[in-house]
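Residue numbers (full-length UniProt numbering): 1 to 142. Comments concern the structure below.
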């Protein structure tokens with residue numbers, strides 16, 4: 001079994017205002033990227049990625065109903081965005097097509113961003129709470 005990647009993320013849990021709406025965004029692209037839904041109930045859902053004894057998990061949990069009118073502010077303290085790796089530019093393009101098919105808000109369609117890193121190619125989109133998400137192919141970086 002490969003060594004654990006010390007310092008790598010183990011899991012991320014996000015609070016969402018509408019669990020069903022969030023699942024409709026996260027589910028299709030996570031499953032395309034190889035995640036498996038391992039929990040789906042009223043208390044939340046979780047997708048796990050397991051590869052060669054390594055992995056990560058992303059969970060969605062319903063927020064406190066008293067805070068459901070809270071609006072995510074990308075430039076306030078807290079989360080700016082989350083990014084997932086793609087194997088190729090074709091993966092990024094396929095995720096984009098999948099997102100469009102599911103009516104997900106696209107912030108920036110797939111494009112080359114050399115200002116980030118040489119061959120950085122990404123699509124940017126957002127979830128129903130306004131959290132910015134990204135799928136990126138960036139060979140040679142991380």
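Backbone N, C-alpha and C fix where the C-beta goes; we use that ideal spot for every residue, glycine too.
ask   = With C-beta atoms as the reference, is residue 107 less than 9 Å away from residue 124?
value = Going by C-beta atoms, residue 107 is nearer than 9 Å to residue 124.
query = How many angstroms separate the CA atom of residue 24 from the CA atom of residue 79?
reply = 21 Å
message = At 3 residues or longer, what runs of the beta strand (DSSP E) sit wholly inside the segment 33-87?
response = If we require 3 residues or more, the beta strand (DSSP E) runs fully inside the segment 33-87 come out as 36-41, 44-51, 54-62, 81-85.
inquiry  = Spatial neighbours of residue 16 within its chain, please: C-beta separation below 8 Å, excluding the five flanking residues on both sides.
reply    = 22, 60, 61, 62, 63, 127, 128, 129
DSSP state of residue 131 mapped onto helix, strand, coil = coil
key: Exposed unless 16 or more other CB atoms sit within 10 angstroms - verdict on residue 29   = buried
ask   = Should residue 49 and residue 56 be called a contact, given that it needs their Cβ atoms to be closer than 9 Å?
value = yes
ask   = When you compare only the Cα positions, how much space is there between residue 44 and residue 116?
value = 34 Å
inquiry  = For residue 73, tell me which candidate among 135, 138, 131, 137 has the shortest Cα-Cα distance.
reply    = 131
request  = Compute the Euclidean distance between the alpha carbons of residue 1 and residue 52, then round it to the nearest angstrom.
outcome  = Bear in mind that the predicted position of residue 1 carries a pLDDT of just 47, short of 50, making it unreliable; the figure below should be weighed with that in mind. Spanning the two alpha carbons is a distance of roughly 7 Å.
query = Looking at residue 89 and residue 137, is the spacing between their C-beta atoms short of 9 Å?
reply = yes
task = Identify whether residue 31 lies in helix, strand or coil by the three-state DSSP scheme.
result = Here residue 31 sits in helix by DSSP.
ask   = Which residue from 32, 47, 31 puts its Cα closest to that of residue 38?
value = 47
ask   = What residues in its chain sit with their C-beta under 8 Å from that of residue 20, if we drop five residues either side in the sequence?
value = Excluding positions up to five away in sequence, the list is empty.
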